[in-house]
Amino acid sequence: MQLLIISDTHLQNDLLKKITDHYPNMDYYIHCGDSSLEKNDPLLNKYLVVKGNHDKPGVFDTNIVFKVENYNCLITHGNNFNIYHGNEELISYMKKNNLDIAFHGHTHVPAYNIVDNKLIINPGSVMINRNSYGFGTYAIVKIVNNYVDVKFYHSITFEECSKKVLEEGILVLEEFKKNTKIR
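Convert by adding 1 to the 1-based position in the sequence shown; the result is the number in the numbering used here.
This is the structure we're talking about:
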């Protein structure tokens with residue numbers, strides 16, 4: 002199974018279309034919120050989409066739960082789990098609801114973590130991330146025989162991101178935890 006994971010497109014419709022067109026044969030297309038589009042927009046036809054904090058109320062569900070192979074998966078934006086201050090609320094929700102993998106956005110920082118055997122994946126924002134490198138990202142997740150492979154890509158060039166991008170993301174998120182009360 003292959004999953005294209007994007008988030009926080011914020012009306013960057015050309016990027017959304019370009020990325021979607023680049024991957025015509027994914028098993029799942031997932032948008033983790035802040036598309037700022039209407040539910041019936043043709044750009045979202047292939048996507049499972051959740052509501053972000055910049056989406057209109059009532060347009061999309063807050064969370065979507067679905068199964069991929071043996072994994073119970075959650076799509077959420079992340080703002081409803083206070084994600085800027087860590088993964089604790091999200092992990093608690095995942096444990097309570099027997100979820101294995103969570104896809105979220107909101108922070109504009111690509112990241113993945115494994116905590117208490119729960120996998121959390123944030124593809125970053127396709128428009129631009131809160132890092133020094135100055136480009137957007139998305140993720141491709143491959144699930145084969147109970148093995149999960151996560152890779153992050155540059156939203157314009159489609160090149161795989163270096164580990165440095167993820168390492169910098171960890172530092173950015175730690176700084177957010179210390180200095181903000183953003184929800």
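All C-beta atoms in this analysis are idealised placements derived from N, C-alpha and C, irrespective of residue type, glycine included.
The model shown is predicted, which means the values in this text are computed figures rather than measured ones.
Just reading off the beta strand (DSSP E) that residue 4 is part of, what are its end residues?
Segment 3-7, the beta strand (DSSP E) holding residue 4.
Suppose you measure from the CA of residue 95 to the CA of residue 101; what does that come to, to the nearest Å?
Distance between the alpha carbons of residue 95 and residue 101: 7 Å.
Hey, would you say residue 124 sits closer than 8 Å to residue 166, going by beta carbons?
No; because the gap between Cβ atoms is not below 8 Å, this pair is not in contact.
Report, in whole angstroms, the separation of the C-beta atoms of residue 47 and residue 60, which I expect to be a contact under 8 Å.
That belief does not hold up - the Cβ atoms of residue 47 and residue 60 are roughly 17 Å apart, past 8 Å.
Return the Cβ separation of residue 34 and residue 106 in integer angstroms, given the expectation that the two are a contact with Cβ distance under 8 Å.
Indeed they touch by this definition, with Cβ atoms about 5 Å apart.
Can you grab the Cα-Cα spacing for the pair residue 122 / residue 75, in whole Å?
Each residue's alpha carbon lies about 10 Å from the other.
For the stretch 138-148 against the stretch 83-97, are there 3 or more C-beta pairs whose distance is under 8 Å?
Output reads no: the stretch 83-97 does not touch the stretch 138-148.
For residue 65, tell me which candidate among 71, 175, 79 has the shortest Cα-Cα distance.
Closest by alpha carbon: 79.
Tell me whether the beta-carbon of residue 156 lies closer than 8 Å to the beta-carbon of residue 135.
It is not a contact, given that the beta carbons lie outside the stated cut-off.
Bridge partners of residue 104, per DSSP?
76, 122, per the DSSP bridge assignment.
From residue 3 to residue 119, what does the alpha carbon distance come to, in whole angstroms?
Using only the alpha carbons, I get a separation of about 19 Å.
Considering only C-alpha positions, which residue in the set 172, 168, 116, 104 is nearest to residue 141?
Ranking 172, 168, 116, 104 by Cα distance to residue 141 puts 104 first.
Using the beta-carbon count (16 or more within 10 Å), is residue 115 buried or exposed?
The residue in question, residue 115, is exposed, as its Cβ has fewer than 16 Cβ neighbours within 10 Å.
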